[in-house]
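Following: one structure in structure tokens, then a few remarks.
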Amino acid sequence: MLDMGMTIGGRQVAGQESFAVMNPATGEVIGNIANASLDDLDRAVNAAKAAYPAWSALPDADRQKVINTLADALEARAGDLAELLTRENGKPLGGIGSHFELGGAVVWTRSTAALDMPVKVLQDTDEGRIELHRKSLGVVGSILPWNWPVIIAIWHIMPALRAGNTVVVKPSPFTPLSTMLAVQIMNEILPAGVLNVVTSDDQSASIGAAMAQHPDIRKIVFTGSTATGEKVMQSAATTMKRLTLELGGNDAGIILPDVDPKAIAEGLFWGAFINTGQTCAAMKRMYVHEDIHDAVVEEFVNVAKNMPMGNGMDDGVLMGPLTTPFQHEKVAHLVEAAAQDGTVQMGGTSGDGQFHETTIVTDLADDHPLVTEEQFGPAVPVLRYRDVEDALERANASDAGLGGSIWTNDMDKAKSLALRMECGSVWINKHGALQPNAPFGGVKKSGLGVEFGDEGLMENTDIQVIHQ
Ligand code: NAD
Numbered sequence: 066m067l068d069m070g071m072t073i074g075g076r077q078v079a080g081q082e083s084f085a086v087m088n089p090a091t092g093e094v095i096g097n098i099a100n101a102s103l104d105d106l107d108r109a110v111n112a113a114k115a116a117y118p119a120w121s122a123l124p125d126a127d128r129q130k131v132i133n134t135l136a137d138a139l140e141a142r143a144g145d146l147a148e149l150l151t152r153e154n155g156k157p158l159g160g161i162g163s164h165f166e167l168g169g170a171v172v173w174t175r176s177t178a179a180l181d182m183p184v185k186v187l188q189d190t191d192e193g194r195i196e197l198h199r200k201s202l203g204v205v206g207s208i209l210p211w212n213w214p215v216i217i218a219i220w221h222i223m224p225a226l227r228a229g230n231t232v233v234v235k236p237s238p239f240t241p242l243s244t245m246l247a248v249q250i251m252n253e254i255l256p257a258g259v260l261n262v263v264t265s266d267d268q269s270a271s272i273g274a275a276m277a278q279h280p281d282i283r284k285i286v287f288t289g290s291t292a293t294g295e296k297v298m299q300s301a302a303t304t305m306k307r308l309t310l311e312l313g314g315n316d317a318g319i320i321l322p323d324v325d326p327k328a329i330a331e332g333l334f335w336g337a338f339i340n341t342g343q344t345c346a347a348m349k350r351m352y353v354h355e356d357i358h359d360a361v362v363e364e365f366v367n368v369a370k371n372m373p374m375g376n377g378m379d380d381g382v383l384m385g386p387l388t389t390p391f392q393h394e395k396v397a398h399l400v401e402a403a404a405q406d407g408t409v410q411m412g413g414t415s416g417d418g419q420f421h422e423t424t425i426v427t428d429l430a431d432d433h434p435l436v437t438e439e440q441f442g443p444a445v446p447v448l449r450y451r452d453v454e455d456a457l458e459r460a461n462a463s464d465a466g467l468g469g470s471i472w473t474n475d476m477d478k479a480k481s482l483a484l485r486m487e488c489g490s491v492w493i494n495k496h497g498a499l500q501p502n503a504p505f506g507g508v509k510k511s512g513l514g515v516e517f518g519d520e521g522l523m524e525n526t527d528i529q530v531i532h533q
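Just so you know, we're using our numbering here: the sequence shown kicks off at 66 and counts up by one.
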């Protein structure tokens with residue numbers, strides 16, 4: 066059993082109370098960790114504030130060097146971090162699981178270190194010179210979800226640090242351990258106070274809400290549900306915080322009649338079921354042309370049947386449990402309703418504990434909750450269409466606008482349809498592939514702003530224009 070403290074001002078802090086963290090695959094308690102009070106949060110923000118002047122004054126090249134050292138340290142401890150991640154989140158160690166997530170965290174850290182923040186000269190004429198400078202903000206607050214807790218922490222922390230900010234991070238109460246260990250490892254390198262972590266069960270005090278209101282936090286980067294994102298936006302209003310909000314999705318995939326169902330089946334599977342479907346930009350609705358609908362479903366089921374689900378610590382497992390009891394209940398409820406109103410092609414029942422069978426359902430109406438809501442689990446509806454214009458209209462008929470995909474061999478058609486999808490990223494013949502040089506973010510109710518690349522880095526800065 067792990068007994069972990071918060072990291073505040075470079076020191077381990079126990080907190081007056083603690084809360085338990087469970088392994089979703091076994092139900093056993095794996096850790097007891099500090100439950101922050103509002104005073105603990107103030108201490109963390111004060112530590113970040115005190116560390117800010119020296120960190121922000123470092124030359125760019127020095128901060129880049131430190132961040133590369135962080136990547137080396139995380140890489141050296143990737144095995145420990147991956148194991149902890151599997152035990153608290155449930156995702157498998159192998160496949161597209163914890164080792165994959167840690168590998169991504171290291172790659173993202175190095176590529177964020179390499180980004181530049183040059184001064185932009187807007188005008189240099191006899192009338193005068195105008196320069197656009199990018200300036201760090203101060204203390205950045207990061208609020209994390211439970212589905213990809215390490216890599217999302219890296220997505221929040223690294224650009225903030227690279228730009229010269231200091232950080233207070235709050236993990237999800239369900240998966241705090243791997244983030245806490247990552248912060249401890251990074252604190253062996255960083256000056257005290259540059260990166261702090263506070264943990265909370267969200268029961269006695271909403272530390273997340275207090276961060277969004279905190280007068281000394283200049284920006285919140287939040288990844289989580291749209292419902293909580295709305296609350297963050299409201300709480301942040303009075304201090305006029307900068308916000309990056311990465312929220313829920315209900316991504317559609319449109320599959321055109323010219324594809325080979327067998328050739329795309331594995332891509333469809335991982336597009337929908339990466340991290341057991343608990344991924345913001347997973348394919349959550351599939352629109353398949355009627356000519357190939359049955360063949361696509363058959364091949365999709367064939368692939369899905371061969372993807373073992375179980376305890377992520379066991380060899381060969383590729384799918385895990387739902388990470389939280391609430392999420393398990395939500396998926397079971399949606400699937401129960403779908404089984405009544407549609408045709409279950411595979412799965413359909415809840416397993417032991419927090420496991421749920423991989424489920425593929427056809428013949429649902431467009432207004433069925435499994436189609437309109439973000440299921441965030443191993444269940445996906447496959448819907449028929451005749452005319453691609455109709456499929457596009459149905460795909461766009463959602464408040465969410467995170468990702469989408471087009472599956473076809475006709476690239477021109479794919480691109481013209483992609484441009485008409487109402488979402489932040491569109492993939493062609495794949496779904497959900499993220500990379501550090503391509504900005505990622507949602508439109509409509511899927512969020513505000515982007516992460517990654519120059520555009521993501523700049524969200525950690527204010528613009529100052531010098532007219533001379
Ligand atoms: P959640 O909204 O329940 O919780 C996210 C975080 O917010 C947690 O740390 C929680 O403690 C904190 N929180 C709770 N109440 C708060 C409040 N009032 N103010 C501030 N913070 C508060 O989300 P979750 O269930 O952890 O994550 C799943 C959701 O995240 C899904 O909707 C998924 O699509 C979304 N997500 C989006 C992206 C993206 O990049 N767009 C990535 C991953 C997950």
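Think of the CB as a built atom: it goes at the ideal place given N, C-alpha and C, for glycine as much as any other residue.
Practice item. Note down, in chain order, each residue of its chain lying with its Cβ closer than 6 Å to the Cβ of residue 289, except the 5 sequence neighbours on either side. Key: If you number the sequence shown from 1, residue 289 lands on position 224. Within its own chain, the residues whose Cβ lies closer than 6 Å to the Cβ of residue 289, once the five positions on either side in sequence are excluded, are 210, listed in chain order.
Review point. If you scan the region 149 to 189 from start to end, which runs of the alpha helix (DSSP H) of 4 or more residues do you find wholly inside it?
Key: Counting whole runs of 4 or more residues, the region 149 to 189 contains the alpha helix (DSSP H) stretches 163 to 178.
Review point. How do the region 395 to 409 and the region 459 to 466 stand: do at least 3 beta-carbon pairs fall below 8 Å, yes or no?
Key: The answer is no - the region 459 to 466 does not touch the region 395 to 409, with fewer than three Cβ pairs under 8 Å.
**Study point:** Same chain, Cβ closer than 6 Å to residue 412, five either side skipped, listed in chain order
**Key:** On the sequence shown, position 347 is the one that residue 412 refers to. Around residue 412: 422, 423, 424.
Point to revise | Exposed unless 16 or more other CB atoms sit within 10 angstroms - verdict on residue 371 | key: Numbered from 1 along the sequence shown, position 306 holds the residue referred to as residue 371. Counting Cβ neighbours within 10 Å, residue 371 comes out exposed, since fewer than 16 surround it.
Exercise for review: Consult DSSP for residue 284 and reduce its assignment to one of helix, strand or coil.
Suggested key: Residue numbering aside, residue 284 sits at position 219 when the sequence shown is read from its first letter. In the structure shown, residue 284 falls within a strand segment according to DSSP collapsed to helix, strand and coil.
Exercise for review: Out of 85, 66, 91, 361, point me to the one whose CA is closest to residue 377's CA.
Suggested key: Position 312 of the sequence shown holds residue 377. Comparing Cα-Cα distances from residue 377 to each of 85, 66, 91, 361, the minimum goes to 91.
**Study point:** Top-ranked residue by Cα proximity to residue 387, from 339, 361, 120
**Key:** On the sequence shown, position 322 is the one that residue 387 refers to. Of the listed residues, the one whose Cα sits closest to residue 387 is 339.
Review point. Quick one: does the C-beta of residue 516 sit closer than 8 Å to a heavy atom of the ligand NAD?
Key: The residue given as residue 516 occupies position 451 in the sequence shown. Correct: residue 516 has its Cβ closer than 8 Å to the ligand NAD.
Review point. DSSP beta-bridge partners for residue 490?
Key: Start at 1 with the first residue of the sequence shown, and residue 490 comes out as number 425. Residue pairing by DSSP places residue 490 opposite 468 in a beta bridge.
Review point. DSSP three-state call for residue 529: helix, strand or coil?
Key: Stepping through the sequence shown from its first residue, residue 529 is reached at position 464. Residue state, collapsed to three classes: strand.
Exercise for review: Specify the secondary structure class of residue 306 as computed by DSSP and reduced to three states.
Suggested key: Here residue 306 refers to the residue found at position 241 when the sequence shown is read from its first residue. Three-state result, residue 306: coil.
Practice item. Indicate, with yes or no, if the ligand NAD has a heavy atom lying under 8 Å from the CB of residue 222. Key: Locating residue 222 in the sequence shown gives position 157, counting from the first residue. Look at residue 222: its beta carbon is at least 8 Å from all of the heavy atoms in the ligand NAD.
Point to revise | residue 166 versus residue 503: straight-line alpha-carbon distance, rounded | key: For the purposes of this step, residue 166 is identified with residue 101 of the sequence shown, where counting begins at 1. For the purposes of this step, residue 503 is identified with residue 438 of the sequence shown, where counting begins at 1. Going by the C-alpha atoms only, they are around 18 Å apart.
Check your understanding: Cβ of residue 505 within 8 Å of any heavy atom in the ligand GDP?
Key -> For the structure depicted, the ligand GDP is absent and the ligand set comprises only the ligand NAD.
Practice item. Reducing DSSP to helix, strand and coil, say where residue 350 ends up. Key: In the sequence shown, counting from the first residue as 1, residue 350 sits at position 285. Strand, per DSSP.
**Study point:** Span of the alpha helix (DSSP H) around residue 334
**Key:** Mapped onto the sequence shown, residue 334 falls at position 269. Taken as a continuous stretch (DSSP letters only), the alpha helix (DSSP H) holding residue 334 covers 326 to 338.
Check your understanding: Where DSSP assigns a beta bridge to residue 87, which residues make up the other side?
Key -> Residue numbering aside, residue 87 sits at position 22 when the sequence shown is read from its first letter. According to DSSP, which records beta bridges pairwise, residue 87 is partnered with 94.
Point to revise | Through-space distance from residue 203 to residue 529, alpha-carbon basis | key: As a working note, residue 529 is residue 464 in the sequence shown. As a working note, residue 203 is residue 138 in the sequence shown. One C-alpha to the other measures close to 15 Å.
Check your understanding: Are three or more beta carbon pairs between the region 432 to 450 and the region 346 to 357 nearer than 8 Å?
Key -> Segments in contact, yes.
Review point. Using the rule of at least 16 other Cβ atoms within 10 Å of the residue's Cβ for burial, across every protein chain shown, is residue 14 buried or exposed?
Key: Summary: the structure shown does not reach residue 14, with the chain confined to residues 66 through 533, and so no result is reported for it.
Review point. Using 8 Å as the threshold, is the region 332 to 348 in touch with the region 314 to 322, meaning 3 or more CB pairs across them?
Key: Counting Cβ pairs under 8 Å, three or more are found: they touch.
Practice item. Count the other C-beta atoms from every protein chain shown that fall within 10 angstroms of the C-beta of residue 180, then say buried if there are 16 or more, exposed otherwise. Key: Your numbering for residue 180 matches position 115 in the sequence shown. Residue 180 is buried by the Cβ-count criterion.
**Study point:** C-alpha distance - residue 278 paired with residue 246, whole-angstrom precision
**Key:** Here residue 278 corresponds to residue number 213 of the sequence shown, with the count starting at 1. Here residue 246 corresponds to residue number 181 of the sequence shown, with the count starting at 1. Rounded to the nearest angstrom, the two C-alpha atoms are 27 Å apart.
Check your understanding: So residue 437 packs on residue 239, CB below 8 Å; how close in whole Å?
Key -> Sequence index remark: in the sequence shown, residue 437 carries index 372 (1-based). Sequence index remark: in the sequence shown, residue 239 carries index 174 (1-based). About 25 Å separates the two Cβ atoms, so there is no contact after all.
Check your understanding: How is residue 198 classed by DSSP in three states: helix, strand or coil?
Key -> Numbered from its first residue, the sequence shown carries residue 198 at position 133. Three-state DSSP puts residue 198 in a strand.
Check your understanding: Smallest Cα separation from residue 85: which of 234, 122, 430, 268?
Key -> As a first step, residue 85 is located in the sequence shown; it is residue number 20 there, counting from the start. Measuring from the Cα of residue 85, the nearest candidate turns out to be 268.
Point to revise | Validate contact between the region 119 to 139 and the region 221 to 230 using beta carbons, cut 8 Å, 3 pairs | key: A contact between stretches requires three or more CB pairs, one per stretch, nearer than 8 Å, and the region 119 to 139 meets this requirement with the region 221 to 230.
Practice item. Can you have a look at residue 285 and say buried or exposed, based on whether 16 or more other CB atoms are within 10 angstroms of its CB? Key: Counting from 1 along the sequence shown, the entry for residue 285 is found at position 220. The residue is buried, with at least 16 neighbouring Cβ atoms inside 10 Å.
Practice item. Taking only the alpha-carbon atoms, compute the straight-line gap between residue 121 and residue 526 and give it to the nearest angstrom. Key: If you number the sequence shown from 1, residue 121 lands on position 56. If you number the sequence shown from 1, residue 526 lands on position 461. Going from the Cα of residue 121 to the Cα of residue 526 covers about 11 Å.
Review point. How long is the line joining the alpha carbons of residue 160 and residue 95, rounded to whole angstroms?
Key: Residue numbering aside, residue 160 sits at position 95 when the sequence shown is read from its first letter. Residue numbering aside, residue 95 sits at position 30 when the sequence shown is read from its first letter. Near 23 Å, if we compare the C-alpha coordinates of residue 95 and residue 160.
Check your understanding: Starting from residue 72 and walking both ways along the beta strand (DSSP E), at which residues does that stretch end?
Key -> On the sequence shown, position 7 is the one that residue 72 refers to. If you look at residue 72, you'll find it in the beta strand (DSSP E) that goes 71 to 73.
Check your understanding: Given residue 115, which residues of its chain have a CB within under 8 Å of its CB, disregarding the five upstream and five downstream residues?
Key -> To locate residue 115, count along the sequence shown from 1; it is residue 50. 74, 258.
Exercise for review: Go ahead and label residue 454 buried or exposed: buried means 16 or more other beta carbons lie within 10 angstroms of its beta carbon, across all protein chains shown.
Suggested key: Within the sequence shown, the letter at position 389 stands for residue 454. With a 10 Å radius around the Cβ and a threshold of 16 neighbouring Cβ atoms, residue 454 comes out exposed.
**Study point:** residue 492 Cβ short of 8 Å to the ligand NAD heavy atom set
**Key:** Looking up residue 492 in the sequence shown gives position 427. Because no heavy atom of the ligand NAD lies under 8 Å away, the Cβ of residue 492 does not count as near it: no.
Check your understanding: The alpha helix (DSSP H) spanning residue 206 covers which residue range?
Key -> Reading the sequence shown from its first residue, position 141 is the one you call residue 206. Per DSSP, residue 206 is not a residue of any alpha helix (DSSP H); the beta strand (DSSP E) it occupies stretches across 204 to 208.
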